[in-house]
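First comes the structure, then the notes that go with it.
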Amino acid sequence: MTTAGSIAARSFGGCDTCRSRRVKCDETRPTCLLCSTTGLTCRGYGKNIFFTPGADGSELDGEDFRFRRLLFTEAERQEMSQWLTSSVSPSSVSKQLSALDEQCENVSPDQSMDVQHGPFGVFRGPKIAETRFGSADSVGELDWCRDIRLPDHDNEDDNVQQSMDQGDAQSCQWSPSLIAAILDDPLQFSSPTEPGHINMASAMDNTDAIAATECEAPAMLGLSETALCLTEGATLESPSSITSDNYLGYMLNPDLGTIEKPSHMSVAPTVSMPGDAVFLLKHYVSSVVNFVTPFGHAKTPWHTLFIPHVKTCLAALTMGEHLSHASSAVFFGTLAISASSLGRKMQSHSSMWLERSKFYERQAREHCRATLASAYHVPKVAKYKTILMALLTLVHLYTVTGRRACVDFYFVEAEKFIRLKGLSRKKSRKVRLLHHCYVFQRLFYESLCIGKTSSHRKEVQNAIESSELIIYSQDSPSFKALSNWHDPTQQTLYIKTQEEGENDLHLEHPGVWPATLYPEIYGIPEGLIYFLSCTIRLGKEKDAMDQGHGSSSINMSEFFKRARTLERCIKQFPDWTSEMRVSEADFPGDEKLANMIIAVRNALAIYFYRRIYDIDAELLQSKVLRVLNALRQVDCTGSDGPTGSLSLVWPGFIAACEAESPPVQQAFSEWFENCAHNSGLDTFSITIRTIREVWVAKSSLSDTGASWIDLAKGKTYAGLHNLPL
Numbered sequence: 010m011t012t013a014g015s016i017a018a019r020s021f022g023g024c025d026t027c028r029s030r031r032v033k034c035d036e037t038r039p040t041c042l043l044c045s046t047t048g049l050t051c052r053g054y055g056k057n058i059f060f061t062p063g064a065d066g067s068e069l070d071g072e073d074f075r076f077r078r079l080l081f082t083e084a085e086r087q088e089m090s091q092w093l094t095s096s097v098s099p100s101s102v103s104k105q106l107s108a109l110d111e112q113c114e115n116v117s118p119d120q121s122m123d124v125q126h127g128p129f130g131v132f133r134g135p136k137i138a139e140t141r142f143g144s145a146d147s148v149g150e151l152d153w154c155r156d157i158r159l160p161d162h163d164n165e166d167d168n169v170q171q172s173m174d175q176g177d178a179q180s181c182q183w184s185p186s187l188i189a190a191i192l193d194d195p196l197q198f199s200s201p202t203e204p205g206h207i208n209m210a211s212a213m214d215n216t217d218a219i220a221a222t223e224c225e226a227p228a229m230l231g232l233s234e235t236a237l238c239l240t241e242g243a244t245l246e247s248p249s250s251i252t253s254d255n256y257l258g259y260m261l262n263p264d265l266g267t268i269e270k271p272s273h274m275s276v277a278p279t280v281s282m283p284g285d286a287v288f289l290l291k292h293y294v295s296s297v298v299n300f301v302t303p304f305g306h307a308k309t310p311w312h313t314l315f316i317p318h319v320k321t322c323l324a325a326l327t328m329g330e331h332l333s334h335a336s337s338a339v340f341f342g343t344l345a346i347s348a349s350s351l352g353r354k355m356q357s358h359s360s361m362w363l364e365r366s367k368f369y370e371r372q373a374r375e376h377c378r379a380t381l382a383s384a385y386h387v388p389k390v391a392k393y394k395t396i397l398m399a400l401l402t403l404v405h406l407y408t409v410t411g412r413r414a415c416v417d418f419y420f421v422e423a424e425k426f427i428r429l430k431g432l433s434r435k436k437s438r439k440v441r442l443l444h445h446c447y448v449f450q451r452l453f454y455e456s457l458c459i460g461k462t463s464s465h466r467k468e469v470q471n472a473i474e475s476s477e478l479i480i481y482s483q484d485s486p487s488f489k490a491l492s493n494w495h496d497p498t499q500q501t502l503y504i505k506t507q508e509e510g511e512n513d514l515h516l517e518h519p520g521v522w523p524a525t526l527y528p529e530i531y532g533i534p535e536g537l538i539y540f541l542s543c544t545i546r547l548g549k550e551k552d553a554m555d556q557g558h559g560s561s562s563i564n565m566s567e568f569f570k571r572a573r574t575l576e577r578c579i580k581q582f583p584d585w586t587s588e589m590r591v592s593e594a595d596f597p598g599d600e601k602l603a604n605m606i607i608a609v610r611n612a613l614a615i616y617f618y619r620r621i622y623d624i625d626a627e628l629l630q631s632k633v634l635r636v637l638n639a640l641r642q643v644d645c646t647g648s649d650g651p652t653g654s655l656s657l658v659w660p661g662f663i664a665a666c667e668a669e670s671p672p673v674q675q676a677f678s679e680w681f682e683n684c685a686h687n688s689g690l691d692t693f694s695i696t697i698r699t700i701r702e703v704w705v706a707k708s709s710l711s712d713t714g715a716s717w718i719d720l721a722k723g724k725t726y727a728g729l730h731n732l733p734l
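Its first residue numbered 10, the sequence shown is counted upward by one per residue in this note's numbering.
In structure tokens, the structure reads:
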């Protein structure tokens, strides 16, 4: 019995005679010994390029055998690979190709060109006269029966014998005119199009607008009272189907537009493979992910969970298999993020990619709604990780596109799902990675939630607190409870147990958890995230005391005592701690991480002084400059823009809102605009637009000490449209 390990790899190195006889060749040069022993003529090891001898694709007559053979030696292939990888970095590939595409757009169809960007290039020869290649008959007169024979570089002594005939070379050169003729009428020279193959150029030129939709109407989602949900276009129409006139929607995905609204019975949806999925996934992997995490190793949730899952979905759709609603939400949500980024980065076909992003966003939203409808069913219809990935993908999608009302909805649903389904289970490393992703993004988002609590939040909070599974939560789901601080210095050094570390979801209690993953995912110590959580909770207590309804759990004396303690902890927190357990192989330079921590720590101090003490912005300018300098340093150390810069949106926003001098304001504007240009993510452009609204509002008010928090509460200004994250 032949084992898998004993199967030899297929060789293309045998001579033509042995390969035609299907016998193993000894590959001796210039003629093999086997042919000499058997008395046969060895036809050698020629490398040939064959052409179809006519439009009918008929085979050549006679005994002209055709065999696959490697055109280049292994050394040559290795040299070409090394040259290619050294010519362009992986993160710059999309940028080079986009620049190439944009430059070609400006060239008229009848103009010859030769454009080169790095290792990539395109050329077009002069247009062939119609009298020569005007019909199929004239094309058929071309002598395709002559084949190009390439020299065998494996044997220098045999180059003359194996080189191509001079007459053949003259008649069968790959001239630009010949290639132009082929490209002018490709149907005459190529095989029938494979099923599922899409002519993207034709599709792009025939794009009709897909019905634009945003998130669900706030009234449907219970978000009508969500704090700061003043995003333009928040009220939405229901998703419209793809019409027959929509050529792009039909070409790229003919079945997606006909998906019916899922019922509560989780039936696997039938979808087809989008024609641009591979291209969008490559852009997501090579470009978008770089802005999410500062690390490029395979330990982050995106490299470990999200990207492999999307690739699995891609393979399943290619094979005609069904996806669960949760997997479909992850898949289409990722495509929507990538298409949105391309729509902002590429000048050519920008509107097409933005429409594709909206189309995929609708699919992801519908699948996620169906996922939520069956998420708590017994037996479960999808894995816990897959459902949580679907919710976090929607959070990520609406975060980078700047639609805050939808972010709030899916954040609250993710919290409910984690508390009711996740905290009671044994948590693998992958589950903990997802939990850390949720908490990190949620706390920065929650710090900007100023004002009333939405009805949707209240309903979810009541559902969590009324469940028997609330006993597994080590913290309060309302962000209002404050842990008892008897001796903060000692309590912050307390080593948490595994249960305390895993189930203190929103970091309510002080202590150190050695197994924390925040430094590994985002490069930020858990201590800073914990102090942010404390500031959020203390700020909510302050709001309760300001309202005077007796809803605060502490008195004024206790409030200021805790405020002074928290202030001291933030001031004493170092810029770089031993908590950063990142190996040199994973991240070769500490400078970028150090600057990220400096930016977050100083922004946290600004947020604390504004949120708790309401200190005048003029006293905070030194910290504003520290944040700005740190952002600039992170920007300078990146090759194609600041990696992990999505984590820096929050410190950039907090510091920029307090900037007083025009030069500093201009510097913040340039940083956000640079990130928006490099990433194509709307959250950067929306954030700087909001910051400028704050600057305009503060300059027009008599109260020069007004903060963005006052503006968000609506105390002094009603023109603040949106906040980041």
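Glycine included, each C-beta is placed from N, C-alpha and C at the ideal position.
Source: prediction; values computed, not measured.
Given this structure, state the Cα-to-Cα distance separating residue i from residue j, to the nearest angstrom.
| i | j | result |
| --- | --- | --- |
| residue 22 | residue 530 | 47 Å |
| residue 765 | residue 315 | Limits of the chain in this structure are 10 at one end and 734 at the other, which puts residue 765 out of reach. |
| residue 317 | residue 335 | 15 Å |
| residue 486 | residue 428 | 9 Å |
| residue 612 | residue 633 | 8 Å |
| residue 599 | residue 116 | 46 Å |
| residue 300 | residue 293 | 10 Å |
| residue 320 | residue 583 | 41 Å |
| residue 458 | residue 690 | 22 Å |
| residue 410 | residue 350 | 9 Å |
| residue 434 | residue 624 | 44 Å |
| residue 509 | residue 424 | 17 Å |
| residue 577 | residue 499 | 14 Å |
| residue 694 | residue 84 | 48 Å |
| residue 639 | residue 541 | 19 Å |
| residue 681 | residue 388 | 47 Å |
| residue 396 | residue 378 | 11 Å |
State the start and end residues of the unbroken alpha helix (DSSP H) segment that holds residue i.
| i | result |
| --- | --- |
| residue 358 | Careful: residue 358 lies outside any alpha helix (DSSP H) and carries neither H nor E. |
| residue 528 | 527-530 |
| residue 320 | 316-327 |
| residue 523 | Counting along the chain, residue 523 falls outside any alpha helix (DSSP H), and DSSP gives it neither H nor E. |
| residue 53 | Where residue 53 is concerned, there is no enclosing alpha helix (DSSP H), given that its DSSP letter is neither H nor E. |
| residue 469 | 464-474 |
| residue 442 | 438-455 |
| residue 398 | 393-409 |
| residue 539 | 535-556 |
| residue 283 | Taken as a continuous stretch (DSSP letters only), residue 283 belongs to no alpha helix (DSSP H), as it is neither H nor E. |
| residue 687 | 671-688 |
| residue 93 | 83-96 |
Go to residue i, then tell me how far its beta strand (DSSP E) extends in each direction, as first and last residue.
| i | result |
| --- | --- |
| residue 386 | Where residue 386 is concerned, there is no enclosing beta strand (DSSP E), given that its DSSP letter is neither H nor E. |
| residue 133 | 129-133 |
Excluding the five sequence neighbours on either side, which residues of its own chain have a C-beta within less than 8 Å of the C-beta of residue i, listed in chain order?
| i | result |
| --- | --- |
| residue 422 | 381, 400, 469 |
| residue 92 | 128 |
What is the DSSP secondary structure of residue i, reduced to helix, strand or coil?
| i | result |
| --- | --- |
| residue 421 | helix |
| residue 120 | coil |
| residue 301 | coil |
| residue 718 | helix |
| residue 483 | coil |
| residue 126 | strand |
| residue 697 | helix |
| residue 579 | helix |
| residue 504 | strand |
| residue 668 | coil |
By Cβ distance, which residues of its chain are closer than 6 Å to residue i, with the 5 residues on each side in sequence left out?
| i | result |
| --- | --- |
| residue 370 | 345 |
| residue 575 | 543 |
| residue 398 | 339 |
| residue 451 | 420 |
| residue 282 | 326, 327 |
Excluding the five sequence neighbours on either side, which residues of its own chain have a C-beta within less than 7 Å of the C-beta of residue i, listed in chain order?
| i | result |
| --- | --- |
| residue 359 | 352 |
| residue 620 | 544, 548, 718 |
| residue 445 | 526, 527, 530 |
| residue 804 | Here the chain comprises residues numbered 10 to 734, so residue 804 is not present and cannot be evaluated. |
The ligand HEM heavy atoms versus the CB of residue i: any closer than 7 Å?
| i | result |
| --- | --- |
| residue 672 | No copy of the ligand HEM occurs in the structure displayed, which carries no ligand at all. |
Inside the stretch 591-640 only - alpha helix (DSSP H) runs reaching at least 4 residues: With a minimum length of 4 residues, the continuous alpha helix (DSSP H) runs that stay inside the stretch 591-640 are 600-617.
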